[in-house]
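Presented below is the structure to which this report refers.
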Amino acid sequence: MRRRYRPLLALAALLLGLRLWPAQPFAAMAPSSREVLASDGSLLRLTLARDGQYRLWQPLEGVSANMVQAMLLKEDRYFYLHPGINPVAMARAIAATYIGGDRQGASTLTMQLARRLYGINSRQVPGKLQQMLAALWLELRYSKHDILEAYLNLAPMGGNIEGVGAASQIYFHKAAGELSLSEALSLAVMPQSPARRARFGADFQDARDRLARFWQQNYPQDPRNSALLALSVIGHDRRELPFLAPHFSRRLLREDAATVIHSTLDPALQSLLERRLSQYIASRRHLGVTNAAALLVDSRDQSIKAWVGSADFFNADIQGQVDGVTARRSPGSTLKPFLYGLGLDQGVIHPLSILKDAPTAFGSFEPENFDHRFTGPISAHDALIKSRNLPAVWLAGQISHPNLYGFLRQAGIKGLRGESHYGLALALGGGELTMAELARLYLMLASDGHHYPLRDRQRQPVSPASPALLSPAAAFMVRDMLKDNPRADGLPRTGWTVAWKTGTSWGFHDAWSAGLTGPYVLVVWVGNFDATPNPAFVGVETAGPLFFAISDALQGALPATADLANPAPDTVKKVAICAASGDLPNPWCPKVVEGWYIPGVSPVKVSTLHRPLWVDNLSGAAVCPPYNPARQHQEVFAFWPSDMAALFEQAGLPRKLPPPLPGACSQTASQSDAAPLIRSPLKGVTYSLRQSRPGERIALKADAPSDSQVLYWFAGNSLLGQSAPGKALDWRPPRAGRFELSVTDDKGRSASRLLRVDIGP
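Mature numbering (1 follows the signal peptide of the UniProt record, and there is no 0) puts the sequence shown at residues -27 to -1, 1 to 734.
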């Protein structure tokens, strides 16, 4: 009895061994195309596989149930019941073909897969037998799941298109998992006659209608039946295969080996930027403007939303396949905001500090302004938004640890030469950056000084906050200055906050505009990839209008998108500033404005620019006391340094000079020369604070003469805050050590005291 079953047991063991023995995955037998998808899942780019076919392998679970059911209904209704060949269908086909004269096929889905995998010619009887044996072999080695998945991915779909994954993207511009029943029926009739039916002609429509009626017969309760015959589903022409964001897609395919790349690109915003850029070039072509590039980044998650590498990827005349987003170009003055940010952080300037815009030689380097003119004294705020070169170069020479070069290296800027190659000229765009690198720098301004990489793929996580390269205070103040930069077209500001800066490279090779518009970082470039110069390539005149054309279009396309909320951080305060001197106002300052400063960092002192003199009513000459109000009066003059006064004269803006005092007299204070008297901190006392109690403060308090209204407290040259005489200003030192405290009243009278501080646990 046992001997009788031994052959059966051996056969069962053999069959089981064949099934369990590892088999080569079907997906490894045919190379796959690769696809780049937009953030909404739509197709940006589909490549050819290595064998010249469009074939995009889809797991069975990723194919629409409509597609699976339609294909089984059309090709093999008994797929799950037969072992690879269907004897009943085979007998019926033999009888119809050789007895009835009506040639019929009996190939199962597995047999069709075997023919495609092994290149079997099944038109003759020997080939058909080989096909049947191969089908049985496949059923022994693979599961029904794997065979069905392989067929759906290898079925001919017309021309060089194989499988429902590629066919659904090419014909219907959607993933295989999103196919509707009508679309699935359309694809299910393709494999029988792919060459003819891929044209979506009458043969295709007849075959699809027959299959639709067959579906209705087999699934009579399907609520979709009524529309199947009324709806004619015609796919897109194969020549309409999407080829969107070509520079961006090409880069992702080069850098990412995945078959399916899910990008962050927004197709609607990509199209918006491309349209605006094309329209702009068409309007400026008479000026020799033929090419431009643009990059849009969402500052909320660092994701790239649009990437336009050139005006026309297929235009060889403008070298359109060069990617302007990754090309290294001189950034011009677009780096100046970061120079000013470093100056703010290092206590060299505050936004209303007065800088000198005057001819200056920095060793052998003698920079000029773009307009070859000089404005004399100018606030840091105005020097930045008016892009004055002389103040920027001076500032570059004042900052250190890091200087601008060190800052750019910390920010991950690649391709810079040695620091000595640039010197102070780096502040004027002497180096070379890519548009993507420039966007990362401006993203830092939107992110309170934190440096983030740009995200181009959805699987990349939003990076945690990195160490800040600029303080939140400096980033805020730079944004606050840049938002006052007027629009390039002179129109009034509306809608989103726009903080932007332009740049022009030496020799008019590149025109730039970069900045923040609402929650987005936008960078645009206008120029030629072969570096041909053009006098029209001026940042504010050429790139600026393009920047605002895109910015306005973004606001119109995204009406529900809120402006980026960037409130002032707690580390900045406002203080009254004398507009002319950039210092704290004394009683004679004619114009006082409010300005931001960083307590304990920003350099501020009491202004001495404006002072009163008594002059003779008739001659205007300065007089000595005692004064006679009947013949003399007091007048306030601005005591400009001689170089500034000379510069005003050269500019055609002479200032009224104060008359010289007679040598025998000197001005005396109107009431008292007494300096403020510091009451706290105490002399010779070491103050102890605890880290565990961050609320502990040291009271800064002083008395002052009766003509004093405001007291200003300093640590070194840095303003800590202000108080009224006899009132305390609470201050917590940032560290243990020695501090040179001073207090100055609004008349310029000062007192100082050395403070020692210990900070314990």
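Ideal placement from N, C-alpha and C gives every residue a C-beta, glycine not left out.
- Going by DSSP, Pro585 is part of no alpha helix (DSSP H) but of the beta strand (DSSP E) stretching over His583 to Asp589.
- Among the bridge pairs identified by DSSP, Gln607 is matched with Trp587.
- Listed in chain order, the non-local C-beta contacts of Phe177 below 6 Å within the same chain comprise Arg170, local neighbours out to five positions each way being set aside.
- As a beta-bridge residue in DSSP terms, Gln695 pairs with Tyr685.
- CA-to-CA, the gap between Ala123 and Asp271 works out to about 40 Å.
- Counting along the chain, the unbroken beta strand (DSSP E) around Arg726 starts and ends at Ser723 to Gly733.
- For the set Gln695, Arg670, Ile671 and Gly668, the Cα lying nearest the Cα of Ser681 is the one of Gln695.
- If you draw a straight line from the Cα of Pro240 to the Cα of Ser116, it is about 40 Å long.
- Bridge pairing for Ala279: Leu269 [DSSP].
- Around Val566, the same chain offers Ile550 and Ala552 as residues with beta carbons nearer than 6 Å, after the five sequence neighbours per side are excluded.
- Nearest to Thr659 by C-alpha distance, out of Leu684, Gly733, Val588 and Leu693, is Gly733.
- Glu410 carries a helical assignment under DSSP once its states are collapsed to helix, strand and coil.
- Distance check between His424 and each of Gln528, Arg430, Tyr415 and Arg432 places Tyr415 closest, using alpha-carbon atoms only.
- Ranked by how close their Cα comes to the Cα of Leu495, the residues Glu405, Ile671, Ala279 and Phe510 have Ala279 in first place.
- Per DSSP, Glu48 has no beta bridge partner at all.
- Counted as a single uninterrupted DSSP element, the alpha helix (DSSP H) harbouring Asp355 occupies residues Ala353 to Ile358.
- For Ala611, the CB contacts under 7 Å within the same chain, skipping 5 residues up- and downstream, are Ala553, Leu582, His583 and Arg628 in chain order.
- Note: Phe216 is bridge-paired with Arg18 in the DSSP secondary-structure output.
- Between Val596 and Gln607, the C-beta gap is not smaller than 7 Å, which leaves the two residues out of contact.
- When the beta-carbon positions are compared, Leu411 and Pro304 come within less than 7 Å of each other.
- Beta-bridge pairing by DSSP links Asp330 to Gly349.
- Beta-bridge annotation (DSSP): Thr475 is paired with Ser486.
- A distance below 7 Å between beta-carbons, with the five flanking residues on each side excluded, links Pro631 to the following residues of its chain, in chain order: Leu586, Phe610 and Phe612.
- If only uninterrupted alpha helix (DSSP H) runs of at least 4 residues are considered, those enclosed by the stretch 76 to 110 are 82 to 91.
- If you draw a 10 Å sphere on the C-beta of Tyr253, you find 16 or more other C-beta atoms in it, and that means buried.
- Note on Trp479: under 16 other CB atoms within 10 angstroms of its CB, so exposed under the neighbour-count rule.
- For Leu673, the beta-bridge partners assigned by DSSP are Leu702.
- For His374, the three-state secondary structure derived from DSSP is coil.
- DSSP links Phe712 through a beta bridge to Leu728.
- When the beta-carbon positions are compared, Asp330 and Leu308 stay at least 7 Å from each other.
- Exclusion of the five residues before and after Asp731 leaves Thr659, Tyr660, Ser661, Leu662 and Ala709 as the residues of its chain whose Cβ lies within less than 8 Å of its Cβ.
- Distance between Met105 and Gln165, taken at the CA atoms: about 19 Å.
- The C-beta separation of Thr237 from Arg428 comes to about 6 Å, placing the pair in contact by the 8 Å criterion.
- Ranked by Cα distance from Gln275, the options Leu519, Pro602, Leu489 and Ser5 are led by Leu489.
- Runs of the alpha helix (DSSP H) lying entirely within the stretch 125 to 212, each at least 4 residues long, are 136 to 145, 154 to 161, 167 to 170, 175 to 191 and 198 to 201 in chain order.
- Under DSSP, Pro576 forms a beta bridge with Ser691.
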